[in-house]
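Each remark here refers to the structure printed beneath this line.
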Amino acid sequence: MADVKLRNVTKRFGKVIAVNKVTLDIDDGEFFAILGPSGCGKTTLLRLIAGLEVPDEGDIIIGGRVVNNVHPRDRDVAMVFQNYALYPHMRVADNIAFPLMVRRRELGLSSEEIRRRVVEIAKILGIEDLLDRYPRELSGGQQQRVALARALVRKPKVWLLDEPLSNLDAKLRVQMRAEIKALQRRFRVTTVYVTHDQGEAMSLADRIGVMNEGRILQVGTPDELYLKPVDTFVASFIGSPTMNLLPCEAQEDGGVVTLNCVGFKLRLDPGIGSLVLSKTRGKLYLGVRPEHVRIGEVEGWPRVRGKVTLVEPTGSHAIITLDLGGESFKVIAPREFKASIGDEVVVSLDKDKILIYDMETGRLVV
Ligand code: ATP
Numbered sequence: 001m002a003d004v005k006l007r008n009v010t011k012r013f014g015k016v017i018a019v020n021k022v023t024l025d026i027d028d029g030e031f032f033a034i035l036g037p038s039g040c041g042k043t044t045l046l047r048l049i050a051g052l053e054v055p056d057e058g059d060i061i062i063g064g065r066v067v068n069n070v071h072p073r074d075r076d077v078a079m080v081f082q083n084y085a086l087y088p089h090m091r092v093a094d095n096i097a098f099p100l101m102v103r104r105r106e107l108g109l110s111s112e113e114i115r116r117r118v119v120e121i122a123k124i125l126g127i128e129d130l131l132d133r134y135p136r137e138l139s140g141g142q143q144q145r146v147a148l149a150r151a152l153v154r155k156p157k158v159w160l161l162d163e164p165l166s167n168l169d170a171k172l173r174v175q176m177r178a179e180i181k182a183l184q185r186r187f188r189v190t191t192v193y194v195t196h197d198q199g200e201a202m203s204l205a206d207r208i209g210v211m212n213e214g215r216i217l218q219v220g221t222p223d224e225l226y227l228k229p230v231d232t233f234v235a236s237f238i239g240s241p242t243m244n245l246l247p248c249e250a251q252e253d254g255g256v257v258t259l260n261c262v263g264f265k266l267r268l269d270p271g272i273g274s275l276v277l278s279k280t281r282g283k284l285y286l287g288v289r290p291e292h293v294r295i296g297e298v299e300g301w302p303r304v305r306g307k308v309t310l311v312e313p314t315g316s317h318a319i320i321t322l323d324l325g326g327e328s329f330k331v332i333a334p335r336e337f338k339a340s341i342g343d344e345v346v347v348s349l350d351k352d353k354i355l356i357y358d359m360e361t362g363r364l365v366v
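Using the working numbering, the letters of the sequence shown correspond one by one to residues 1 to 366.
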């Protein structure tokens, strides 16, 4: 096992800067997710760690060794691709054995030992009955397990997974997610997992790096990203439904700072008020998650009246969309709450959970 460090890593393709001055520290044995929208540079970052791309600038360090010029083969990393990339002309057993076969001499492995290791990993993944089949004779979920088995058969230093669940149906995704997490815990291989699915990243990873336009915007545990997103991009990427961001303006009167929002005012505590005044020019977003809003009045919480524009029952609860003076605003309501489109509803915002962002920079103020 090994830790992975990136130091100011940049990768360009012509005019496109796919990865832009990325610095990251991934701990030994950690499950680290890279989360971001399509085209933000996630796959390129993973391919740089694997050695399939060479950085234009910066260093990639695996287990204390700079590997910029080390061949992928000699980095002792195993990558699982989105499309699994199984060898179609090889049976499952040979696909899994492949990483051992190519290094057979170097590792001093007999055919029996290779077979033993293939069967061992196949049993762990529940595919021992499929060893004689060809990839075309497998379902998507089975192919995925074979790809994972092939990546784990030689217990690499680092496991690199590129959206490995994206070809599976919703139910199988959730099942495989749990299996990948259990496997990673069992082998404790340092893992870098690329996904655009925030739910997947949140449920799997010890820590997540949120990426956009080639840059890492924030690194943190799922809790840290959920509770204190550093900017409006991360705030709107983490959580489902995403955080409400209401435009508002700060006004000072006799030392008291008040936020004027759509249809309500919020008086800020003195410390927070002076921070807002010193750090911004007064144009702000008030951020509050739909689950931190209550239907009805709550003593001491700011409240606002809105019109229901959409009701989405999920079974356990309902997502209600309100129109607040032209702004769309989502609220999680209990299943029992019944509303129709056009109804007027009063909601209260949990004042301890409210975040304030600078509208100009998108950065978190407090
Ligand atoms: P997705 O989730 O859609 O796979 P991604 O976040 O993995 O996207 P990358 O595949 O890393 O993004 O691509 C980052 C940027 O670099 C994109 O603008 C892409 O078009 C560009 N890019 C990636 N590989 C190449 C290449 N070989 N040649 C030219 N441009 C490339």
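For glycine and all other residues, C-beta sits at the position ideal for the given N, C-alpha and C.
Less than 7 Å separating the Cβ of His196 from some heavy atom of the ligand ATP?
Under cutoff, so the answer is yes.
Measure the alpha-carbon distance for Cys40 versus His196 and round it to whole angstroms.
Between Cys40 and His196, the C-alpha separation is close to 10 Å.
Extent of the continuous alpha helix (DSSP H) run through Arg117:
Per DSSP, Arg117 belongs to the alpha helix (DSSP H) from 111 to 124.
Looking only at C-alpha atoms, which of Leu324, Ile272, Leu125 sits nearest to Gln184?
Checked all of Leu324, Ile272, Leu125; the closest Cα to Gln184 is Leu125.
Using only the alpha-carbon positions, how far apart do Gly108 and Leu52 sit?
Gly108 and Leu52 have their C-alpha atoms some 27 Å from each other.
Pairwise C-alpha distance: Val153 and Leu100:
Taking the straight line from one Cα to the other gives about 8 Å.
The segment 221 to 240 contacting the segment 63 to 70, beta-carbon criterion three pairs below 8 Å:
Proximity of the segment 221 to 240 to the segment 63 to 70 falls short of the contact definition, fewer than three beta-carbon pairs being nearer than 8 Å.
Grab the span of the alpha helix (DSSP H) containing Ala149 for me, first residue to last.
That run of the alpha helix (DSSP H) goes 140 to 152.
By how many angstroms is the C-alpha of Ala33 removed from the C-alpha of Ala178?
The alpha-carbon atoms of Ala178 and Ala33 are separated by roughly 15 Å.
Can Leu349 and Tyr357 be called in contact, C-beta distance under 8 Å?
No. Outside cutoff.
When you compare each of Arg335, Gly287, Ile341 to Thr354 by their alpha carbons, which one comes out closest?
Looking at the sequence shown, residue 354 is not Thr but Ile. Out of Arg335, Gly287, Ile341, Gly287 has the C-alpha closest to the C-alpha of Ile354.
Under 8 Å between C-beta atoms of Gln143 and Tyr84
A contact, by the Cβ cut-off of 8 Å.
Go ahead and pull the three-state DSSP assignment for Leu183.
Residue state for Leu183 is assigned as helix, using DSSP reduced to three classes.
Is Cys367 near the ligand ATP - that is, is its Cβ less than 7 Å away from at least one heavy atom of it?
Any property of residue 367 remains undetermined from this structure, which presents the chain solely from 1 to 366.
Asn244 - partner residues in DSSP beta bridges:
In the DSSP output, where bridge partners are listed per residue, Asn244 has Val288.
Got a sec? Which residues, its chain only, sit under 7 Å from Leu48 by beta carbon, not counting five neighbours each side?
Excluding five sequence positions before and after Leu48, the CB atoms of its chain that fall closer than 7 Å to its own CB belong to Val9, Lys11, Val19, Pro55, Ile60, given in chain order.
Take the Cβ of Tyr285 as the centre, count every other Cβ of all protein chains shown within 10 Å, and call the residue buried at 16 or more, exposed below.
Counting the other CB atoms within 10 Å of its CB gives Tyr285 a total of 16 or more, which places it among the buried residues.
Identity of the residue in Leu310, Gly300, Asn212 nearest Gly342 by Cα
Considering only alpha carbons, the answer is Leu310.
8 Å Cβ cutoff met for Leu46 and Val194
The Cβ-Cβ distance between Leu46 and Val194 falls below 8 Å.
Is Glu299 buried or exposed, if buried means 16 or more other CB atoms sit within 10 Å of its CB?
Under a 10 Å Cβ-count criterion, Glu299 is classified as exposed, with fewer than 16 other Cβ atoms of the shown protein chains found around its own Cβ.
Would you kindly report the start and end of the unbroken alpha helix (DSSP H) that includes Lys338?
Here Lys338 belongs to no alpha helix (DSSP H), and DSSP marks it neither H nor E.
When every heavy atom of the ligand ATP is checked, does at least one fall within less than 7 Å of the C-beta of Gly36?
Yes, since a heavy atom of the ligand ATP falls inside the 7 Å radius drawn around the Cβ of Gly36.
Where does Tyr357 fall in DSSP's three states?
It is a strand residue.
Taking 7 Å as the limit between beta carbons, can you name the residues of its chain near Pro334, skipping five residues before and five after?
Hits under 7 Å: His317.
Does the count of Cβ pairs from the segment 158 to 165 and the segment 75 to 83 closer than 8 Å reach three?
In short, these stretches touch, since the Cβ pair count reaches three.
Might you give, ordered along the chain, the residues of its own chain that have their beta carbon closer than 6 Å to the beta carbon of Val230, omitting 5 neighbours on each side?
For Val230, where only same-chain residues beyond five positions count, the Cβ hits under 6 Å are Gln218, Leu364.
Using DSSP bridges, identify the partner residues of Thr10.
Answer is Glu57.
Buried versus exposed, by CB contacts within 10 Å (16 or more), Pro290
Answer is buried; the Cβ neighbour count reaches 16.
Determine, using beta carbons only, whether Gly325 and Gly282 come nearer to each other than 8 Å.
Their beta carbons are not under 8 Å apart, which means Gly325 does not touch Gly282 by this criterion.
Would the beta-carbon of Phe337 be found less than 7 Å away from any heavy atom of the ligand ATP?
Using a cutoff of 7 Å, the CB of Phe337 does not count as near the ligand ATP, since none of the ligand's heavy atoms is closer than that.
Which same chain residues, not among the five before or five after Gly306, have their C-beta less than 7 Å away from its C-beta?
Listed in chain order, the non-local C-beta contacts of Gly306 below 7 Å within the same chain comprise Leu322, Asp323, Leu324, Phe329, Val345, Val347, local neighbours out to five positions each way being set aside.
Cβ neighbours of Ala122 in the same chain (closer than 7 Å, five flanking residues each side left out)
Correct list, in chain order: Ile96, Glu128, Leu131, Ala149.
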